[in-house]
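To start, the structure itself, in structure tokens.
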Ligand code: CMP
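Numbering (my numbering), first residue to last: -7 to 131.
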């Protein structure tokens, strides 16, 4: 049985541009239910820890810098088979390659400034939700 919730972040590019409401509305229209959310300015250290799995990648420094540069919005969404459903709904990492109608195609600027993060496995959805929310907040 797959997890019925997943974790996501509206990244600084989209949050700063006032796109958070449109993105949440888009996902709600696709059947996702918002169950936890907050608005936060990540410290550099938090961004480094959250993206630690990418530490060896050439874009790690840029990613950490960007994610701690301005407010972002971590949130939890509920839906059947949530992790895969959300990855389908947001589209490919690079908005130029993302399918029509996906969040990144509609709202992202570039591969680095790509509007939204989504957990890539049930295990990471649990880990990443716990990074930002107390267990009692993830309904
Ligand atoms: P995300 O789903 O948040 O997970 C890792 C992030 O690394 C990814 O989205 C992108 O924003 C970022 N990323 C991946 N590839 C590149 C790249 N080539 N240049 C800059 N950022 C990247």
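C-beta: ideal position from N, C-alpha, C; glycine also.
Under the three-state reduction of DSSP, residue 43 is assigned to coil, being neither helix nor strand.
Take residue 130, set aside five residues on each side of it, and the residues of its chain with a beta-carbon closer than 8 Å to its own are -3, 27, 28, 68, 121, 122, in chain order. In this structure, residue 107 sits near residue 100, with a CB-CB distance shorter than 9 Å. In this structure residue 82 touches residue 94 by the C-beta definition: roughly 6 Å separates them, less than 8 Å. Residue environment: residue 46 is assigned as exposed (fewer than 16 neighbouring CB atoms within 10 Å of its CB, all protein chains considered). The beta carbons of residue 36 and residue 57 sit closer together than 9 Å. Rounded to whole angstroms, the separation of the alpha carbons of residue 34 and residue 126 is 17 Å. Beyond the five residues adjoining it in sequence on each side, residue 21 comes within less than 6 Å, by CB distance, of no other residue in the same chain. In this structure residue 64 touches residue 2 by the C-beta definition: roughly 6 Å separates them, less than 8 Å.
Relative to the non-hydrogen atoms of the ligand CMP, the Cβ of residue 51 comes within a distance shorter than 8 Å of at least one.
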